[in-house]
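Engineer:
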Amino acid sequence: MVDGFEFKDSYTVSDLVDIIAILRAPGGCPWDSEQTHESIKKNFIEETYEVVEAINKKSIPLLREELGDVLLQIVLHTQMETEKGNFTFDDVCDEICKKLIVRHPHVFGDVTVSSTGEVLSNWDAIKMQTKKQKTVSDSIESVPRELPALMRAQKIQHKAAKAGFDWDDINGALDKVYEEAGEVKEALAENDGAHTAEEIGDLLFACVNVCRFAKTDGEEALTAATDKFARRFKITEELARENGVDMKTASIEELDRLWDEAKKRTND
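Start counting the sequence shown at 13; every next residue gets the next number (the numbering used here).
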(Lines of atoms letter the chains of each structure in order from A and count residues from 1; the text may use other names and numbers.)
(Lines give C-alpha, C1' and ligand atoms only; values in the text may rest on other atoms or scores of the structure.)
Protein backbone atom coordinates (compact mmCIF):
# COMPACT_ATOMS: atom_id res chain seq x y z
CA MET A 1 0.00 0.00 0.00
CA VAL A 2 1.34 3.43 -0.97
CA ASP A 3 1.44 5.79 1.98
CA GLY A 4 -0.93 8.70 1.64
CA PHE A 5 -2.75 7.41 -1.42
CA GLU A 6 -6.44 8.29 -1.31
CA PHE A 7 -9.03 5.96 -2.82
CA LYS A 8 -11.92 7.84 -4.42
CA ASP A 9 -15.29 7.12 -5.96
CA SER A 10 -14.30 9.26 -8.94
CA TYR A 11 -10.88 10.29 -10.26
CA THR A 12 -9.72 13.15 -12.49
CA VAL A 13 -6.87 13.64 -14.93
CA SER A 14 -4.70 15.06 -12.13
CA ASP A 15 -5.22 11.79 -10.23
CA LEU A 16 -4.07 9.88 -13.32
CA VAL A 17 -0.89 11.97 -13.45
CA ASP A 18 -0.26 11.25 -9.75
CA ILE A 19 -0.92 7.50 -10.16
CA ILE A 20 1.54 7.21 -13.06
CA ALA A 21 4.16 9.07 -11.02
CA ILE A 22 3.61 6.62 -8.14
CA LEU A 23 3.88 3.60 -10.45
CA ARG A 24 7.20 4.80 -11.87
CA ALA A 25 8.67 5.93 -8.54
CA PRO A 26 10.97 3.75 -6.39
CA GLY A 27 8.81 1.16 -4.66
CA GLY A 28 6.19 1.39 -7.40
CA CYS A 29 5.68 -1.02 -10.27
CA PRO A 30 8.88 -2.63 -11.66
CA TRP A 31 7.42 -2.88 -15.18
CA ASP A 32 6.24 0.73 -15.34
CA SER A 33 9.51 2.06 -13.97
CA GLU A 34 11.52 0.19 -16.63
CA GLN A 35 9.64 1.58 -19.62
CA THR A 36 11.11 4.12 -22.05
CA HIS A 37 9.68 6.05 -24.97
CA GLU A 38 11.13 3.44 -27.30
CA SER A 39 9.87 0.40 -25.39
CA ILE A 40 6.22 1.47 -25.44
CA LYS A 41 5.96 3.50 -28.65
CA LYS A 42 4.15 0.67 -30.45
CA ASN A 43 1.66 0.46 -27.57
CA PHE A 44 0.62 4.01 -28.44
CA ILE A 45 -0.12 2.99 -32.03
CA GLU A 46 -2.02 -0.11 -30.89
CA GLU A 47 -4.17 1.86 -28.45
CA THR A 48 -4.95 4.46 -31.11
CA TYR A 49 -6.18 1.79 -33.51
CA GLU A 50 -8.34 0.36 -30.73
CA VAL A 51 -10.00 3.77 -30.43
CA VAL A 52 -10.72 3.58 -34.17
CA GLU A 53 -12.16 0.09 -33.65
CA ALA A 54 -14.49 1.43 -30.94
CA ILE A 55 -15.63 4.23 -33.27
CA ASN A 56 -16.28 1.77 -36.09
CA LYS A 57 -18.27 -0.45 -33.72
CA LYS A 58 -20.20 2.60 -32.47
CA SER A 59 -19.61 1.39 -28.91
CA ILE A 60 -19.68 4.28 -26.44
CA PRO A 61 -18.48 2.20 -23.43
CA LEU A 62 -15.60 0.79 -25.49
CA LEU A 63 -14.73 4.25 -26.82
CA ARG A 64 -14.57 5.64 -23.29
CA GLU A 65 -12.29 2.79 -22.23
CA GLU A 66 -9.97 3.02 -25.23
CA LEU A 67 -9.66 6.82 -24.98
CA GLY A 68 -8.53 6.23 -21.41
CA ASP A 69 -5.86 3.82 -22.67
CA VAL A 70 -4.62 6.47 -25.12
CA LEU A 71 -4.56 9.06 -22.34
CA LEU A 72 -2.55 6.61 -20.25
CA GLN A 73 0.09 6.48 -22.99
CA ILE A 74 0.24 10.28 -23.10
CA VAL A 75 0.69 10.57 -19.34
CA LEU A 76 3.31 7.79 -19.31
CA HIS A 77 5.44 9.49 -21.96
CA THR A 78 5.01 12.85 -20.23
CA GLN A 79 6.00 11.43 -16.84
CA MET A 80 9.26 10.13 -18.32
CA GLU A 81 10.17 13.68 -19.33
CA THR A 82 8.91 15.14 -16.05
CA GLU A 83 11.37 12.88 -14.24
CA LYS A 84 14.16 14.37 -16.37
CA GLY A 85 12.98 17.91 -15.68
CA ASN A 86 12.13 18.59 -19.33
CA PHE A 87 8.36 19.24 -19.18
CA THR A 88 5.19 18.36 -17.27
CA PHE A 89 1.65 17.39 -18.22
CA ASP A 90 0.62 21.00 -17.64
CA ASP A 91 3.27 22.07 -20.17
CA VAL A 92 1.80 19.67 -22.72
CA CYS A 93 -1.69 21.08 -22.12
CA ASP A 94 -0.38 24.66 -22.27
CA GLU A 95 1.28 24.08 -25.64
CA ILE A 96 -1.74 22.51 -27.31
CA CYS A 97 -4.04 25.24 -25.94
CA LYS A 98 -1.79 27.95 -27.36
CA LYS A 99 -1.61 26.13 -30.70
CA LEU A 100 -5.40 25.90 -30.93
CA ILE A 101 -5.80 29.59 -30.12
CA VAL A 102 -3.23 30.65 -32.72
CA ARG A 103 -4.67 28.39 -35.43
CA HIS A 104 -8.25 29.57 -34.89
CA PRO A 105 -7.98 33.32 -35.47
CA HIS A 106 -11.57 33.30 -36.74
CA VAL A 107 -12.66 32.28 -33.22
CA PHE A 108 -10.07 33.88 -30.93
CA GLY A 109 -9.11 36.79 -33.19
CA ASP A 110 -10.57 39.18 -35.73
CA VAL A 111 -10.24 37.03 -38.86
CA THR A 112 -13.48 36.40 -40.76
CA VAL A 113 -14.15 33.15 -42.65
CA SER A 114 -17.16 32.06 -44.68
CA SER A 115 -16.46 28.35 -45.21
CA THR A 116 -14.68 25.28 -43.92
CA GLY A 117 -12.31 25.58 -46.88
CA GLU A 118 -11.15 28.99 -45.67
CA VAL A 119 -10.65 27.60 -42.16
CA LEU A 120 -8.43 24.81 -43.50
CA SER A 121 -6.54 27.21 -45.76
CA ASN A 122 -5.83 29.51 -42.81
CA TRP A 123 -4.82 26.52 -40.68
CA ASP A 124 -2.27 25.36 -43.27
CA ALA A 125 -0.85 28.87 -43.71
CA ILE A 126 -0.50 29.42 -39.96
CA LYS A 127 1.01 25.94 -39.54
CA MET A 128 3.66 26.66 -42.19
CA GLN A 129 4.43 30.00 -40.57
CA THR A 130 4.71 28.70 -36.99
CA LYS A 131 6.80 25.72 -38.09
CA LYS A 132 8.97 28.00 -40.23
CA GLN A 133 8.13 26.10 -43.41
CA LYS A 134 8.93 28.38 -46.35
CA THR A 135 8.14 26.03 -49.24
CA VAL A 136 5.68 23.27 -50.07
CA SER A 137 8.65 20.90 -50.04
CA ASP A 138 9.24 21.84 -46.39
CA SER A 139 5.60 21.01 -45.69
CA ILE A 140 5.85 17.68 -47.54
CA GLU A 141 9.03 16.73 -45.68
CA SER A 142 7.23 17.40 -42.38
CA VAL A 143 4.77 14.54 -43.03
CA PRO A 144 6.03 11.73 -40.75
CA ARG A 145 7.54 8.76 -42.55
CA GLU A 146 6.13 6.62 -39.75
CA LEU A 147 2.54 7.10 -40.94
CA PRO A 148 0.87 4.14 -42.69
CA ALA A 149 2.14 4.25 -46.28
CA LEU A 150 -1.26 4.92 -47.87
CA MET A 151 -2.05 7.71 -45.42
CA ARG A 152 1.36 9.32 -45.96
CA ALA A 153 0.97 9.14 -49.74
CA GLN A 154 -2.45 10.79 -49.53
CA LYS A 155 -1.18 13.62 -47.33
CA ILE A 156 1.83 14.31 -49.55
CA GLN A 157 -0.22 14.21 -52.76
CA HIS A 158 -2.76 16.58 -51.22
CA LYS A 159 -0.05 19.08 -50.31
CA ALA A 160 1.51 18.89 -53.79
CA ALA A 161 -1.92 19.31 -55.43
CA LYS A 162 -2.62 22.45 -53.39
CA ALA A 163 0.59 23.89 -54.85
CA GLY A 164 -0.75 23.24 -58.37
CA PHE A 165 1.21 20.06 -59.04
CA ASP A 166 -1.64 17.80 -60.12
CA TRP A 167 -3.53 16.20 -63.00
CA ASP A 168 -6.30 18.20 -64.65
CA ASP A 169 -8.80 15.47 -63.79
CA ILE A 170 -9.09 11.82 -62.76
CA ASN A 171 -8.40 10.61 -66.31
CA GLY A 172 -4.77 11.66 -66.05
CA ALA A 173 -4.47 9.80 -62.76
CA LEU A 174 -6.07 6.69 -64.27
CA ASP A 175 -3.76 6.79 -67.30
CA LYS A 176 -0.82 6.90 -64.90
CA VAL A 177 -2.07 3.71 -63.22
CA TYR A 178 -2.06 1.87 -66.56
CA GLU A 179 1.39 3.27 -67.36
CA GLU A 180 2.80 2.12 -64.03
CA ALA A 181 1.18 -1.30 -64.39
CA GLY A 182 3.00 -1.68 -67.70
CA GLU A 183 6.29 -0.77 -66.05
CA VAL A 184 5.68 -3.39 -63.36
CA LYS A 185 5.19 -5.96 -66.13
CA GLU A 186 8.47 -4.90 -67.77
CA ALA A 187 10.35 -5.10 -64.46
CA LEU A 188 8.98 -8.59 -63.82
CA ALA A 189 10.18 -9.67 -67.28
CA GLU A 190 13.66 -8.42 -66.36
CA ASN A 191 13.58 -10.63 -63.24
CA ASP A 192 14.97 -7.68 -61.26
CA GLY A 193 13.61 -7.80 -57.69
CA ALA A 194 14.67 -4.30 -56.69
CA HIS A 195 13.33 -2.73 -59.88
CA THR A 196 10.07 -4.66 -59.53
CA ALA A 197 9.60 -3.42 -55.94
CA GLU A 198 10.23 0.14 -57.10
CA GLU A 199 7.68 -0.08 -59.91
CA ILE A 200 5.08 -1.70 -57.65
CA GLY A 201 5.56 1.23 -55.28
CA ASP A 202 4.96 3.64 -58.16
CA LEU A 203 1.81 1.72 -59.11
CA LEU A 204 0.46 1.91 -55.57
CA PHE A 205 1.27 5.63 -55.41
CA ALA A 206 -0.61 6.14 -58.69
CA CYS A 207 -3.62 4.27 -57.31
CA VAL A 208 -3.66 6.61 -54.31
CA ASN A 209 -3.91 9.53 -56.75
CA VAL A 210 -7.04 7.96 -58.25
CA CYS A 211 -8.48 7.57 -54.75
CA ARG A 212 -7.85 11.25 -54.07
CA PHE A 213 -9.60 12.38 -57.26
CA ALA A 214 -12.50 10.05 -56.48
CA LYS A 215 -12.69 11.56 -52.99
CA THR A 216 -12.12 8.10 -51.55
CA ASP A 217 -9.85 7.43 -48.58
CA GLY A 218 -7.28 4.86 -49.68
CA GLU A 219 -6.93 3.34 -46.21
CA GLU A 220 -10.69 2.87 -45.87
CA ALA A 221 -11.06 1.54 -49.43
CA LEU A 222 -8.31 -1.05 -48.96
CA THR A 223 -9.70 -2.07 -45.56
CA ALA A 224 -13.14 -2.63 -47.12
CA ALA A 225 -11.63 -4.61 -50.00
CA THR A 226 -9.67 -6.78 -47.56
CA ASP A 227 -12.80 -7.39 -45.48
CA LYS A 228 -14.65 -8.40 -48.64
CA PHE A 229 -11.89 -10.81 -49.62
CA ALA A 230 -11.92 -12.39 -46.16
CA ARG A 231 -15.70 -12.91 -46.32
CA ARG A 232 -15.55 -14.49 -49.77
CA PHE A 233 -12.57 -16.66 -48.92
CA LYS A 234 -14.33 -18.07 -45.86
CA ILE A 235 -17.30 -19.12 -47.99
CA THR A 236 -15.02 -20.44 -50.75
CA GLU A 237 -13.22 -22.60 -48.19
CA GLU A 238 -16.55 -23.89 -46.85
CA LEU A 239 -17.74 -24.69 -50.39
CA ALA A 240 -14.50 -26.53 -51.14
CA ARG A 241 -14.92 -28.62 -48.01
CA GLU A 242 -18.58 -29.40 -48.84
CA ASN A 243 -17.62 -30.47 -52.37
CA GLY A 244 -14.57 -32.48 -51.33
CA VAL A 245 -12.20 -30.10 -53.11
CA ASP A 246 -8.61 -29.80 -51.92
CA MET A 247 -7.82 -26.12 -52.46
CA LYS A 248 -4.08 -26.79 -52.49
CA THR A 249 -4.29 -29.13 -55.48
CA ALA A 250 -7.45 -27.86 -57.24
CA SER A 251 -7.15 -26.22 -60.65
CA ILE A 252 -7.48 -22.47 -61.00
CA GLU A 253 -10.70 -23.08 -62.96
CA GLU A 254 -12.22 -25.04 -60.07
CA LEU A 255 -11.17 -22.40 -57.56
CA ASP A 256 -12.62 -19.66 -59.76
CA ARG A 257 -15.93 -21.54 -59.89
CA LEU A 258 -16.05 -21.77 -56.09
CA TRP A 259 -15.02 -18.11 -55.77
CA ASP A 260 -17.81 -17.01 -58.13
CA GLU A 261 -20.32 -18.98 -56.07
CA ALA A 262 -19.02 -17.38 -52.89
CA LYS A 263 -19.31 -13.97 -54.55
CA LYS A 264 -22.98 -14.63 -55.27
CA ARG A 265 -23.63 -15.70 -51.69
CA THR A 266 -21.97 -12.67 -50.12
CA ASN A 267 -23.81 -10.39 -52.54
CA ASP A 268 -20.94 -7.90 -52.69
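Beta carbons are placed, not taken as given, at the ideal position from N, Cα and C, and that holds for glycine. Every value quoted in this text rests on a predicted model; they were computed, and no experiment measured them.
Identify which residue in 84, 63, 15, 61 has its Cα closest to the Cα of residue 26.
Structural biologist: Locating residue 26 in the sequence shown gives position 14, where the first residue counts as 1. When each option's Cα is compared against that of residue 26, the closest is 84.
Engineer: Could you spell out the range, first to last residue, of the alpha helix (DSSP H) harbouring residue 159?
Structural biologist: Translated into the one-based positions of the sequence shown, residue 159 becomes position 147. No alpha helix (DSSP H) contains residue 159, which DSSP labels as neither H nor E.
Engineer: Taking the alpha-carbon of residue 38 as reference, which of 21, 95, 55, 59 has the nearest alpha-carbon?
Structural biologist: Translated into the one-based positions of the sequence shown, residue 38 becomes position 26. Among 21, 95, 55, 59, the Cα nearest to that of residue 38 belongs to 95.
Engineer: Starting from residue 92, trace the alpha helix (DSSP H) in both directions and tell me its first and last residue.
Structural biologist: For the purposes of this step, residue 92 is taken as residue 80 along the sequence shown, with counting starting at 1. From DSSP, the alpha helix (DSSP H) with residue 92 extends over 72 to 95.
Engineer: With a threshold of 16 other CB atoms inside 10 Å of the CB of residue 87, please say whether the residue is buried or exposed.
Structural biologist: Numbered from 1 along the sequence shown, position 75 holds the residue referred to as residue 87. The residue in question, residue 87, is buried, as its Cβ has 16 or more Cβ neighbours within 10 Å.
Engineer: Relative to the C-alpha of residue 175, which residue among 137, 196, 195 is closest?
Structural biologist: Taking the sequence shown and counting its residues from 1, one reaches residue 175 at position 163. Closest by alpha carbon: 137.
Engineer: Compare the C-alpha of residue 254 against each of 80, 273, 70, 241 and name the closest.
Structural biologist: Residue 254 sits at position 242 when you count from the first residue of the sequence shown. Of the candidates 80, 273, 70, 241, the one whose C-alpha sits nearest the C-alpha of residue 254 is 273.
Engineer: Helix, strand or coil, according to DSSP, for residue 195 in the structure here?
Structural biologist: Taking the first residue of the sequence shown as position 1, residue 195 is located at position 183. Note: residue 195 maps to helix in three-state DSSP.
Engineer: Unbroken alpha helix (DSSP H) runs of length 4 or more, entirely within the region 173 to 247: which are they?
Structural biologist: You should have 182 to 202, 205 to 225.
Engineer: Would residue 163 and residue 65 qualify as a contact pair, given that the criterion is a beta-carbon distance under 7 Å?
Structural biologist: As a position in the sequence shown, residue 163 is number 151, starting the count at 1. As a position in the sequence shown, residue 65 is number 53, starting the count at 1. No, Cβ-Cβ distance for residue 163 and residue 65 is not below 7 Å.
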